[in-house]
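Comments concern the structure below.
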Amino acid sequence: MNCFKILIPTLLFISCSDESDKINVEQSYSVQEEIIRYCDNELILLKSESPNNIEFDFNFDLRNKGLSDFKYIQKQTDVDLCDGRNEFSTTFYISNNDSIEAALITEKYCEGNYSYPMRSTSIIEVLINRRSQILLEGEYFENIDSLCFGVNDVTQRGIDEEYFPNSSGRAFYALQWDYETPLEGRVKVFESLIDGYLITANNISVEKYGKELCSLNMVELLKLKSSFRFILILREMWTPEIVSETKGVLQCGTFDE
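When we follow this note's numbering, the leftmost residue of the sequence shown carries the number 161, and every step to the right adds one.
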């Protein structure tokens, strides 16, 4: 995970220090940094276990196509999102040309349905508006670059208070954004949810097995996954507007058309 890992390059003792050697070292470090962003165990932990095997590639920026996220998903999957809650095996393309496969559930606003099908204390909620202002569990979160730590704190608190994850071992993270939310903000918030979840998973691994998540064997990893499986919920219902200068809260309004 890239939220809190700091790579320290190995000290190299070389007899010559011409410019070409420096370039080679920098290139080597760049490749190393890209490769180890997420270890194999982290990617396996995130990957969907959906029984319906409906797969699609998520598009973070649909504004130039004139589509909402939900119309795009319906078009890609040929699934009526008003028929109920479906879990999709979804590939998310994020920064640095990386990709993550994870489980996605949609909660679409449909006529006659004025409440989400899932309302529970075992769901962590994040909202981001068109100014990239964030609510984490209903509270304004100022710095998007440290959101992963906030997600970890909320997740850990839920575990300590024994209401998170739910009884089936699933860790739900609900994400909602405005149609005009910038692409960079959408991607950063998604990455922060992933990294916050992985920080917590790593803490569980250390506490339960005495070693880091990336060092678990497959038996240990699958046991951890069965009790703490990541699920992203993408919500429509209403879209978050702008943080009021006076009230300091999100004003809610239009639907995502």
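All C-beta atoms in this analysis are idealised placements derived from N, C-alpha and C, irrespective of residue type, glycine included.
| said: Pop quiz: Glu261 and Ser249 are said to be a contact at Cβ under 8 angstroms. What is the actual Cβ separation, rounded to whole angstroms? | reply: Taking the sequence shown and counting its residues from 1, the one referred to as residue 261 is at position 101. Taking the sequence shown and counting its residues from 1, the one referred to as residue 249 is at position 89. Between Ser249 and Glu261 the Cβ distance is about 7 angstroms, and since that is below 8 angstroms, they are a contact.
| query | What is the DSSP secondary structure of Tyr339, counted as helix, strand or coil? | reply | Stepping through the sequence shown from its first residue, residue 339 is reached at position 179. Here Tyr339 sits in coil by DSSP.
| task | Reducing DSSP to helix, strand and coil, say where Arg346 ends up. | result | Counting from one through the sequence shown, the residue named residue 346 turns up at place 186. In this structure, Arg346 counts as helix in the three-state DSSP scheme.
| Residue burial classification, Pro211 (beta-carbon count within 10 angstroms, cutoff 16) | Working through the sequence shown from its first residue, we reach residue 211 at position 51. Burial call: exposed.
| request: May I ask you to list the residues that DSSP assigns as paired with Tyr129? | output: Because the chain here runs from 161 to 417, residue 129 falls outside it and cannot be looked at.
| request: Return the chain-ordered list of same chain residues with a C-beta closer than 8 angstroms to the C-beta of Gly298, the five sequence neighbours on each side being excluded. | output: On the sequence shown, residue 298 is found 138 positions in, with the first residue counted as 1. Counting only Cβ-Cβ distances below 8 angstroms, and skipping sequence neighbours, we find Glu285.
| field | Environment of Glu247 [buried if 16+ CB atoms lie within 10 Å] | value | As a first step, residue 247 is located in the sequence shown; it is residue number 87 there, counting from the start. Answer is buried; the Cβ neighbour count reaches 16.
| request: Tell me Tyr333's beta-bridge partners as DSSP assigns them. | output: By one-based count along the sequence shown, residue 333 stands at place 173. According to DSSP, Tyr333 bridges with Ile284, Leu392.
| Beta bridge counterpart(s) of Asp315 as assigned by DSSP | Residue 315 sits at position 155 when you count from the first residue of the sequence shown. It is worth fixing the name first, because residue 315 is Thr in this sequence and not Asp. DSSP output for Thr315 lists no bridge partner at all.
| task | May I ask you to report which of helix, strand or coil DSSP gives Glu351? | result | By one-based count along the sequence shown, residue 351 stands at place 191. Helix.
| field | Touching by the beta-carbon criterion (3+ pairs, under 8 angstroms), the stretch 383–390 and the stretch 236–243 | value | no
| In chain order, what residues of the same chain lie with their CB nearer than 7 angstroms to the CB of Asn219, ignoring the 5 residues before and after it? | If you number the sequence shown from 1, residue 219 lands on position 59. Tyr232.
| field | Residue environment, Gly370, which counts as buried when at least 16 other CB atoms sit within 10 Å | value | Mapped onto the sequence shown, residue 370 falls at position 210. It counts as exposed.
| said: Please list the terminal residues of the continuous alpha helix (DSSP H) segment that includes Leu203. | reply: Position 43 of the sequence shown, counting from 1, holds the residue named residue 203. It spans 200–206 - the alpha helix (DSSP H) in which Leu203 sits, taken as one unbroken run.
| query | For Leu264, which of helix, strand or coil comes out of DSSP? | reply | Position 104 of the sequence shown, counted from the start, is the residue given in the question as residue 264. Here Leu264 sits in strand by DSSP.
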